[in-house]
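Have a look at the structure below, then the notes.
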Amino acid sequence: MAKQARFELFIDVYEKKQQVAQALTNMPTGELVESILKEFRRDFDFLGQNPDAYCLMKADGTVLSNNRTLDKQVSNKDRLIFSEAMPNMPADGQPMARRIYLREHPTGNSFRLHWQPAVVGRFDNQSNNDLLAVDLGSHPNGLRVSRRQFEITETGGHFYIESLSPNPTTITDSTGRPIQVDRRQVLQHGDLITLDRSQITFKVIISD
1 MAKQARFELF IDVYEKKQQV AQALTNMPTG ELVESILKEF RRDFDFLGQN PDAYCLMKAD
61 GTVLSNNRTL DKQVSNKDRL IFSEAMPNMP ADGQPMARRI YLREHPTGNS FRLHWQPAVV
121 GRFDNQSNND LLAVDLGSHP NGLRVSRRQF EITETGGHFY IESLSPNPTT ITDSTGRPIQ
181 VDRRQVLQHG DLITLDRSQI TFKVIISD
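In full-length UniProt numbering, the protein residues as written are 1 to 208.
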């Protein structure tokens, strides 16, 4: 049986530079992205599970299509950059200066908040749906989530959470102390955000 052709690729995965990958030339790029997620999830706790939320880029910024095979997009010995796929910025949104993620417990699903205000809730027919950064409508407990549950903003290098609904939201800080979100509250790395009625919990991950 003939040996299948492979590319040797050098991939920057955040701070881990030039990680060597031996990939089949006819591999769909999305499969390589998925393999990277599985291999490095323990190294970077903000990594999610959905390969569609990530991409590979060339050094010149060209984004590879996850749906096309590697041989249609790269050459042997190419250097690539693993990155989050960047969504379109909402017209009323502003980019976050620092990286912040919400990682759901216990599933490990991770959501990067690219803009502010970053609204967490459920999609509906309201005019400001484009600010919805985390849509929990498909979650098993999603119907218990308010359409606009809370929002996260950034000011002066600090993150804040503010409730948008009477549906209760609680923060648990590093000391284990629960804090009801009834006003604008500072968020810290490692805080837990719980949507009380749905019992959905997110860990706040701030990565510079």
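For each residue, glycine too, the CB sits at the ideal point set by N, CA and C.
Where residue i falls, given that 16 or more other Cβ within 10 Å makes a residue buried
i	result
Gln149	buried
Gly190	exposed
Pro106	exposed
Arg112	buried
Thr175	exposed
Phe46	buried
Gln185	buried
Gly61	exposed
Arg68	exposed
Distance between beta carbons of residue j and residue i, contact taken as under 8 angstroms
i	j	result
residue 214	Met96	The question about residue 214 has no answer here: the residues shown for the chain are numbered 1 through 208.
Leu195	Val134	Actually they are not in contact, since the Cβ atoms of Leu195 and Val134 sit about 11 angstroms apart, beyond 8 angstroms.
Residue i versus the options, residue with shortest Cα-Cα distance
i	options	result
Lys203	Met27, Glu162, Gly108, Leu164	Gly108
Asp208	Ile179, Gln185, Phe159	Phe159
Asn167	Arg184, Arg197, Ile193	Arg197
Phe10	Gly142, Ile205, Leu80	Leu80
His139	Gly156, Asn67, Val120	Val120
Lys17	Asn50, Gln73, Phe82, Ser163	Phe82
Gly157	Arg99, Leu37, Gly61	Arg99
Gln49	Ala59, Ala133, Ser35, Leu56	Ser35
Ile206	Leu131, Ile200, Gln188, Thr194	Gln188
residue 218	Phe7, Leu131, Tyr14	It is not possible to answer for residue 218, since the shown part of the chain is limited to 1 through 208.
Leu136	Leu102, Glu162, Ile161	Leu102
Lys58	Lys77, Phe44, Asp43	Lys77
Ile200	Gln180, Asp182, Val181, Thr169	Thr169
Ser14	Met27, Ala5, Phe44, Ala21	Inspection of the sequence shows that residue 14 is occupied by Tyr rather than by Ser. That would be Phe44, whose Cα lies nearest to the Cα of Tyr14.
Sub-8 angstroms separation of residue i and residue j beta-carbons
i	j	result
Gln116	Ile152	yes
Tyr54	Ala23	no
Arg147	Asp130	no
Pro51	Leu64	no
Val20	Leu56	no
Those runs of the alpha helix (DSSP H) which lie wholly inside the region 36 to 88 and span at least 4 residues = none
task = For the region 104 to 147, list the beta strand (DSSP E) runs that are entirely contained and at least 3 residues long, ordered along the chain.
result = 110 to 112, 118 to 121, 132 to 135
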